[in-house]
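Undergrad:
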Amino acid sequence: MNDSNFNQMDAFTLFCYKNREMVMTQNPNLPVLEVNNKLNEMWMNLSDSERMQYTEAAASNNQQKKDQQQQYTYGHTNSQMNGIDLNLMHTPEWPTDPHKYLVWLGAQVLQQLPQFVQDNPDSDIANLVSKIRFNPSKPDNM
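Written out as structure tokens, the structure reads:
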């Protein structure tokens, strides 16, 4: 994978990041999977001009992140970085960085998936999950 594309954010991801809290506030008991469905529905109902705003904002954010990465890479030496107190760094309950947010979101989905399938055995998601073979044990070669 090309590192320059790894942290690229698309318009839909930015839309979800900016609207997720609103959807969750309006529907506090909605499971994460259903929140995702709601966000997807909202995205599909946006006009082309509204989608273009998110596309342009995502492109701008990606360029800004690329510029910051270049400044960071060329503006710091290893000796300067060794002075950082890692104890001051923490992960907030709700990640503020959109890329970390996607990882957090995936973890939330995985946590809620078993209960969702149990509560909704006839859902499309439950049918899909029933076809997947989960093996929680560690592989022998590890």
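Residue numbers (UniProt numbering): 1 to 142.
Ideal Cβ positions, reconstructed from N, Cα and C, are used throughout, including at glycine.
These numbers were taken from a predicted model, which means no experiment stands behind them.
1. How big is the Cα-Cα spacing for S49 and E56?
2. Is it true that the CB of Q115 sits closer than 8 Å to the CB of V32?
3. Between which two residues does the alpha helix (DSSP H) carrying N27 extend?
4. Do M9 and P98 have their CB atoms nearer than 8 Å?
5. How would you write the range of the alpha helix (DSSP H) that L102 sits in, first residue to last?
6. Between which two residues does the alpha helix (DSSP H) holding M9 run?
7. Count the other CB atoms, across all protein chains shown, that sit within 10 Å of the CB of A58; report buried if there are 16 or more and exposed otherwise.
8. Helix, strand or coil for L46? Go by DSSP, reduced to three states.
9. Can you name, in chain order, every residue of its own chain whose Cβ lies under 7 Å from the Cβ of M42, other than the five neighbours on each side?
10. Is it buried or exposed for residue 143, if we count other Cβ within 10 angstroms and need 16 for buried?
TA: According to the data block:
1. The count along the sequence shown starts at 1 and reaches residue 49 at position 49. The count along the sequence shown starts at 1 and reaches residue 56 at position 56. Just so you know, the alpha carbons of S49 and E56 end up roughly 10 Å apart.
2. For this step, residue 32 is matched to residue 32 along the sequence shown. For this step, residue 115 is matched to residue 115 along the sequence shown. Contact flag unset, no.
3. On the sequence shown, position 27 is the one that residue 27 refers to. Note, N27: premise wrong, no alpha helix (DSSP H); not H, not E.
4. Stepping through the sequence shown from its first residue, residue 9 is reached at position 9. Stepping through the sequence shown from its first residue, residue 98 is reached at position 98. Closer than 8 Å, so yes.
5. Here residue 102 refers to the residue found at position 102 when the sequence shown is read from its first residue. If you look at L102, you'll find it in the alpha helix (DSSP H) that goes P98 to D119.
6. As a first step, residue 9 is located in the sequence shown; it is residue number 9 there, counting from the start. Segment: none, M9 is in no alpha helix (DSSP H) and carries neither H nor E.
7. In the sequence shown, the residue the question calls residue 58 occupies position 58. By the 16-neighbour rule on beta-carbons within 10 angstroms, A58 is buried.
8. The count along the sequence shown starts at 1 and reaches residue 46 at position 46. L46: coil per DSSP, three-state reduction.
9. Indexing the sequence shown from 1 puts residue 42 at position 42. If we look at M42 and ignore the five residues flanking it on each side, its Cβ neighbours are N19.
10. The question about residue 143 has no answer, for the chain in this structure spans 1 to 142.
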